[in-house]
Structure formats: C-alpha cells, structure tokens
Amino acid sequence: MLNRLSDTIYYLSNQEDKERPTLGLVCGDRYSLIIDAGNSPRHAKDFLIEIEKLNVPPVKYVVITHAHWDHFLGMNEFDATIIVNHQTNELIKEWQRLSYDDRSLQKYVTTNQMSAMCMEIIQTDMPNRDRFKLKSPDVIFENTLTIDLGNKVCILERIKSTHTDDSTIIYIPDEKVVFLGDCAYGTTTNSLFHYKQSLLLPMMKDIQKYDAEMFLLGHESICDLNEMNIYWEELTTASHVVKSISLENAIESFKLENKRNPNDNKLFFIQAFVNDHIIQS
C-alpha cells in the first residue's frame, strides 16, 4: 500500500527483508514522476499496481537516484522516460553487459561482481530472464535538471555523497520535500563499512541549501527536519574527532571535547570514520 505524504506525493516503504528501497511518486496536473525503479521487475510491478489504484496523471518520468542494483533493476517495467545523471548512466552500462541466467549470476557472485542477495532477488523476482537485457536510460543530465509536471516542479541535482559518487536527489519546492535516495548513508569497501569523511560536509551543504522539511530516504522511508538534524549532528560530531586510523585516539578525543563517553550511535559513526582512514591509507 502506498503512503500518502501530501495531495501530490506518495511513497512505497522500504522492505529490508527483500532488499527493497523506498520508491516515490510525485504528481503534477499533467504528469507524474517516479523516484527509483525498484530492485526487480516484481518490485516495479507491485509499485505500478498500487499507483493504478490512485486517480493520478500518467507516469511520464522515472528518476534513478544512483546505480546500485536495488534502485534500478525494475526499470524495464516502466513505459516512461528514464532519467539518470551521467555517471549513473556509465555504471548502468556495466549491468547492460551482464547475462542473467543462473550460471552467469553465480559466476558474478563468485568474482564479487554481484552480491549473493542480488542474485537471490533476481532468481526469485525475475522469471524468463535468460534473455533479459536492461534497457538504456532516455535522458542523461550532468549536474541539474528541472522538470515541470504541471504546477509541480521537481529539481534534480547530482550531489557529493558519502554513499556513492553518482547520487541524485530530487527536491519538490512547493512541498518542501526532498528524496535523498541512499546518498546520506555510508558504504562498504574491502569489507569495511565507512563514511567518506572528505565528502560529509560538502554533501550536507548540497542538501541543506534546499528549504526542506521532510526527507525520504532509501532504506528508512521518511524523516522530518528535526530527525535529519540529529543525524547530521551525530555524523559531524563523530567525524570531528577522527584524525587517524586509531579508534582509541578518536574515543579519547570525543571524551575530552564532550565530557562524556560516546553513545552507541556516535561510537558506530566514529568507527565508520576510522574505517575510512584505514581504507584511504
């Protein structure tokens, strides 16, 4: 079932057990726009079935927030203009060269080209896939793109991100709503979860320049401004005390500056920034 954020914005909540991220729907007077295409044709179809229950304008656009499989593998199901930034398009090209039969999928998992979870979702949700080929996006933009759905403007911007280098956010000015995709999350490199420390403040600047009150995230669904500000504070406080690969030094620095021990959240973020120093070194 779709969640109604306003008269013109809906979203399908994330499902972590199925690796399904949040999908968005923005409706103007003439057209509707979808944010992310789902992790499989089945996910996309489930979303379209829910949209059909609403009396909304036809879907003309689908925006992909970044080139992680759970956000775009359902895009063949949409009879709409697929929009991506330039780097997302280059990364999707790699997936267009793949084969999706069982033998090929297993090879990709063995060679770390694909996660085991991705293979399982494809095998479960993508029948008749021996000849499956991912279609190409229709519109590729560089930095920003503005779309008018009919008295409903959507601003697309590629931003710096601690999660991927190809993150796109979607801002709806009259609703003060921004779809962040996964951009505010960390990532995993060489089995270490980390936040890209050098990109944290630039990312926050890119996001906070928009006058937003509600934030849709890929794997948490929705946060208000207060919740996002708490998240930013925890990240920046943790980042500030991490100067090296030493977790012990970072914790001691936190204690000196804050006169207390870090709570579980801050300790998690501190470790993630320490991991980033390990990876960079």
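Just so we're aligned, residue 123 is where the sequence shown starts under this note's numbering, counting upward by one. Backbone N, C-alpha and C fix where the C-beta goes; we use that ideal spot for every residue, glycine too.
_For the ligand MN, I want to know if N161 counts as a neighbour, meaning its beta carbon is within less than 7 Å of at least one of the ligand's heavy atoms._
Ligands are entirely absent from the displayed structure, and the ligand MN is therefore not among its contents.
*Quick one: using the 10 Å Cβ neighbour count with 16 as the cut-off for buried, is I292 buried or exposed?*
As a position in the sequence shown, residue 292 is number 170, starting the count at 1. Result: buried.
*Please state whether DSSP places V300 in a helix, a strand or coil.*
Within the sequence shown, numbered from 1, the residue matching residue 300 stands at position 178. Note: V300 maps to strand in three-state DSSP.
*Give the DSSP bridge partners of L347, in chain order.*
Numbered from its first residue, the sequence shown carries residue 347 at position 225. Under DSSP, L347 forms no beta bridge with any residue.
*Looking at I131 and I294, is the spacing between their C-beta atoms short of 8 Å?*
What you label residue 294 is simply residue 172 of the sequence shown in a count that begins at 1. What you label residue 131 is simply residue 9 of the sequence shown in a count that begins at 1. Result yes, Cβ atoms of I294 and I131 sit closer than 8 Å.
_I'd like to know whether the C-beta atoms of T309 and T286 end up nearer to each other than 8 Å._
If you number the sequence shown from 1, residue 309 lands on position 187. If you number the sequence shown from 1, residue 286 lands on position 164. Yes, Cβ-Cβ distance for T309 and T286 is below 8 Å.
*Just how far apart, CA to CA, sit L369 and N250?*
Counting from one through the sequence shown, the residue named residue 369 turns up at place 247. Counting from one through the sequence shown, the residue named residue 250 turns up at place 128. Between L369 and N250, the C-alpha separation is close to 49 Å.
*Beta-carbon separation of D151 and G272 under 8 Å?*
Within the sequence shown, residue 151 is the residue found at index 29, counting from 1. Within the sequence shown, residue 272 is the residue found at index 150, counting from 1. It is a contact, given that the beta carbons lie within the stated cut-off.
*Who does M336 pair with in a DSSP beta bridge?*
Taking the first residue of the sequence shown as position 1, residue 336 is located at position 214. DSSP lists V299, D346 as partners of M336.
*Sequence-distant residues of the same chain with beta carbon closer than 7 Å to E356, five excluded per side*: Start at 1 with the first residue of the sequence shown, and residue 356 comes out as number 234. Result list for E356: N387, K388, F391, in chain order.
*Would you grab the beta carbon distance between T284 and L321 for me? Rounded to a whole angstrom, and I think it's under 8 Å.*
Within the sequence shown, the letter at position 162 stands for residue 284. Within the sequence shown, the letter at position 199 stands for residue 321. Contact holds; Cβ gap of about 5 Å.
*Quick one: residues in its chain with C-beta nearer than 6 Å to the C-beta of H362, no 5 flanking neighbours on either side, listed in chain order?*
Counting from 1 along the sequence shown, the entry for residue 362 is found at position 240. Taken in chain order, the list of residues that qualify is empty.
*Could you please give me the residues that DSSP links to N207 through a beta bridge?*
Translated into positions along the sequence shown, residue 207 becomes position 85. In the DSSP output, where bridge partners are listed per residue, N207 has F263.
*asked:* If contacts are defined as beta-carbon pairs under 8 Å, then H188 and D288 qualify, I think. What distance do you get, rounded to the angstrom?
replied: As a working mapping, residue 188 is identified with position 66 in the sequence shown. As a working mapping, residue 288 is identified with position 166 in the sequence shown. Confirmed, Cβ separation roughly 5 Å.
*On a CA-only basis, which of L220, F395, I344 is nearest R253? Give me that one, please.*
As a first step, residue 253 must be located in the sequence shown, where it is residue number 131. When each option's Cα is compared against that of R253, the closest is L220.
_Close-in-space but distant-in-sequence residues of the same chain around G196 (CB under 7 Å, 5 per side omitted)_ = What you label residue 196 is simply residue 74 of the sequence shown in a count that begins at 1. Within its own chain, the residues whose Cβ lies closer than 7 Å to the Cβ of G196, once the five positions on either side in sequence are excluded, are A159, G160, N161, S162, P163, H165, A166, listed in chain order.
*Could you check the C-alpha separation between R306 and M326 for me, to the nearest Å?*
Residue numbering aside, residue 306 sits at position 184 when the sequence shown is read from its first letter. Residue numbering aside, residue 326 sits at position 204 when the sequence shown is read from its first letter. According to the sequence displayed, residue 306 carries Ala and not Arg. About 8 Å.
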